[in-house]
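S.K.:
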Amino acid sequence: MADYQLLINGELCDAASGETLETYNPANNEKLADLPKAGKQDAVRAIEAGRKAFDEGPWPALSGPERAEKLRAIGALINDNQAELAELEALDSGGTIRKASLADVPGAVQAFEWFAKMAEEQPAKVDLPVAVFPESTNYALYEPLGVCTGIIPWNFPFLMAAWKIAPALAAGNVSIIKPASYTSITALKLAQLITEADLLPPGVLQVLSGPGGSVGEELASNPLVDKVAFTGSTEVGRRIMQLASGTVKPVTLELGGKSANIVLDDADLDQASAAVLWGTFFHGGQVCESGTRALVDKKIYDEFVGVLADKSGKILLGDPMDFMTDIGPLVHRSQAETAERYCALGRDEVGEPICGGAKPEGLPEGLDVNAYFQPTIFTDVPNSAKIAQEEIFGPVLCVIPFESDDEAVAIANDSIYGLAGGVQSSNLERAEGIAARMRTGTVWINDYHMISPDRPFGGYKQSGVGRELGTYGYDIYRQVKHVHVNAESSGRDNHLQYTALSSNI
Ligand code: NAP
Ligand code: MG
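Our numbering numbers the first residue of the sequence shown as 7 and each following residue consecutively.
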């Protein structure tokens, strides 16, 4: 039996095949647990149970405030188990315990609370103003979509699960979640906690750990599924779109990025360098909206690069379970190999980095050095270089000089991606002018990485489709029905208005 279980139709269970997948702690390369390896058969069973729960079950018929109460109870349950969830998240993903305790777990609670508020406050029926057909009354009904699947990546496993589950359930849908194979524990743990607390009817939330190629493909293509929300690479996002197109399912895609953090000549260098370093190296650069291209005004370029080199030496790599550690291992040795490969490419393209470029030395005993990579900074990088264009998803920063604000905007926008970006400046008007011209879903001014459930998040261009979070992130889980009532129906004197279009009937 596996150490954790799938949640299908209200039951905690193993995979139908009995197969398991091993999950590791990347910090020491030791096995953490055996997880059930769901396959297509389990996915189909979950989809059918989800269909039944939506079509026949009580969940979609509950009022918004009733659903809100359940969501708040899930938030409270997470809160009650925060220490265990944070520890599991850090062990399974290599993210630091500091990140898990201060960002991931509280962030998940905030997501459940925010979408509970949406369920309570967003009206399910809205009267529509009558303009063209005055002899009628009109309203819009906001309805759930149905069976919503969520396929999530390994960089923020618990938070991403919350971002997919909370809005789907708040709007009256049922949700099926597939976590990434490297990091499935906390989504399975949440399923276990919710099931043991008997918080939801069977089939309303289901969680399946298993491979993207079988479980994920089924969740994205099965005709009984009404919507797919995916967070992950642009490459798999394209595949999800194709799979969903068979039955024209709406998709939300949160994909890759190569975000630009623009440092103007009037920036406070201390603050701006912190925004650039934190904006890139937080979680080892394994953040989709990381500011991995620092665009720096030539007037302050040399001085700024000096500050970056100096401060980057202070970043503490080490045991992710130590609260003082800034960066732990990458999620897997393969991710460190990717960083290494891009550094070799960077050396060919632009020369030696000013810091990093290798595995760290002197890590505490017991840590797997092969999963670690030093914060690395390449300078004088042309924006056309591959290391400036391709997402590395590791601790690699490209510093790119520019001469004018117009050039900074042009470089920032010269990317297939458009997820996020930053502007560091002491002149707010100038910074806001640049922010308005950046073709990205988020811009932080004198800040970075500030994402919260009440603000929309998502990408332009190949960084995605749609927006999660905020009120937008609630509406992507609802559809709108327009109801038109001819005035005669309410006893008013009126002839049928379409007689003007068809006088012979
Ligand atoms: P990934 O390889 O695209 O995988 C993401 C998820 O998709 C995993 O659960 C994976 O399952 C599954 N999957 C893989 N192939 C599939 C298929 N053919 N059909 C259906 N599902 C499939 O991405 P990742 O390496 O986990 O995460 C890193 C990427 O995510 C980066 O590109 C990053 O920028 C992006 N990301 C974006 C955001 C955002 O909000 N924009 C946030 C976080 C991460 P397995 O694990 O079983 O392979
Ligand atoms: Mg793991």
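We put the beta carbon where it would ideally sit given N, CA and C, even for glycine.
Less than 7 Å separating the Cβ of W450 from some heavy atom of the ligand NAP?
M.R.: The ligand NAP never approaches W450 closely enough for any of its heavy atoms to be under 7 Å from the residue's Cβ.
S.K.: Report yes or no: do three or more beta-carbon pairs, one from the region 95–113 and one from the region 199–217, lie closer than 8 Å?
M.R.: no
S.K.: Tell me A266's beta-bridge partners as DSSP assigns them.
M.R.: R299, G427
S.K.: Taking 8 Å as the threshold (C-beta atoms), are T102 and P326 in contact?
M.R.: Contact: yes.
S.K.: Is it the case that the Cβ atoms of D110 and A92 are separated by a distance below 8 Å?
M.R.: The beta carbons of D110 and A92 sit closer together than 8 Å.
S.K.: Just the C-alpha distance for G56 and Q116, rounded to the nearest angstrom, thanks.
M.R.: 25 Å
S.K.: Under a three-way DSSP split, which group does F399 fall into?
M.R.: coil
S.K.: Is the region 152–166 close to the region 234–241, with three or more CB pairs under 8 Å?
M.R.: Counting Cβ pairs under 8 Å, three or more are found: they touch.
S.K.: Using the rule of at least 16 other Cβ atoms within 10 Å of the residue's Cβ for burial, across every protein chain shown, is Y423 buried or exposed?
M.R.: buried
S.K.: So, do the region 350–364 and the region 324–342 have three or more beta carbon pairs nearer to each other than 8 Å?
M.R.: no
S.K.: Taking just the CA atoms, how far does S318 sit from T331?
M.R.: 14 Å
S.K.: The alpha helix (DSSP H) with L214 in it runs from where to where?
M.R.: Unbroken run through L214: none, as it is neither H nor E.
S.K.: My understanding is that A8 touches D40, with C-beta atoms under 8 Å, so please give their C-beta distance in whole angstroms.
M.R.: 5 Å
S.K.: Contact check, Q468 vs L261 under 8 Å by CB: the rounded distance?
M.R.: 6 Å
S.K.: For the putative contact between E224 and K37, defined by C-beta atoms under 8 Å, what is the C-beta separation to the nearest angstrom?
M.R.: Rounded, the Cβ-Cβ distance is 27 Å, inconsistent with contact.
S.K.: Are any of the Cβ atoms in chain D nearer than 8 Å to that of V234?
M.R.: Considering every chain present, this structure includes no chain D. It has just one protein chain.
S.K.: Considering only their Cβ atoms, is the gap separating G285 from H455 smaller than 8 Å?
M.R.: The beta carbons of H455 and G285 sit closer together than 8 Å.
S.K.: Out of T29, Y480, R443, which one is the CA nearest neighbour of A426?
M.R.: R443
S.K.: Helix, strand or coil, according to DSSP, for S142 in the structure here?
M.R.: DSSP places S142 in the strand class (E or B) of the three-state scheme.
S.K.: For P401 and T382, which I take to be in contact (beta-carbon distance under 8 Å), what is that distance rounded to the nearest angstrom?
M.R.: With a Cβ gap of about 6 Å, P401 and T382 count as contacting.
S.K.: Excluding five sequence neighbours on each side, which residues of the same chain lie with their C-beta closer than 7 Å to the C-beta of F287?
M.R.: I321, I333, P381, P401
S.K.: Quick check: what's the CA-CA separation for E241 versus V491?
M.R.: 46 Å
S.K.: Is the number of C-beta pairs between the region 248–263 and the region 173–193 that are closer than 8 Å three or more?
M.R.: no
S.K.: Taking 7 Å as the cut-off, does the CB of F164 come closer than this to any heavy atom belonging to the ligand NAP?
M.R.: Incorrect: F164 has no Cβ contact closer than 7 Å to the ligand NAP.
S.K.: Entirely within the region 95–171 and at least 3 residues each: give me those beta strand (DSSP E) ranges in chain order.
M.R.: 131–134, 142–150, 153–157
S.K.: Would you give the residue range spanned by the beta strand (DSSP E) that T189 belongs to?
M.R.: Per DSSP, T189 belongs to no beta strand (DSSP E) and is neither H nor E.
S.K.: Between which residues of its own chain and N433 is the CB-CB distance below 6 Å, once the five residues before and five after are set aside?
M.R.: Only D272 meet the Cβ criterion.
S.K.: Would you be able to state if there are at least three C-beta pairs under 8 Å between the region 117–126 and the region 72–86?
M.R.: Verdict: yes, contact present.
S.K.: In terms of residues, what are the limits of the beta strand (DSSP E) holding S181?
M.R.: 180–184 is the span of the beta strand (DSSP E), which, as asked, contains S181.
S.K.: Pull up the DSSP beta-bridge partners for I14, would you.
M.R.: E17
S.K.: Could you give the first and the last residue of the continuous beta strand (DSSP E) run that contains F463?
M.R.: Where F463 is concerned, there is no enclosing beta strand (DSSP E), given that its DSSP letter is neither H nor E.
S.K.: Below 8 Å between beta carbons: does that hold for G63 and V210?
M.R.: The answer is yes: Cβ separation under 8 Å.
S.K.: What number of angstroms, rounded off, separates the C-alpha of P135 from the C-alpha of E309?
M.R.: 59 Å
S.K.: Fully enclosed by the region 214–266, which beta strand (DSSP E) runs are 3 residues long or longer?
M.R.: 233–237, 257–260
S.K.: Report yes if the C-beta of P260 is less than 7 Å from at least one heavy atom of the ligand NAP; otherwise report no.
M.R.: It is worth fixing the name first, because residue 260 is Glu in this sequence and not Pro. Flag set: Cβ of E260 near the ligand NAP.
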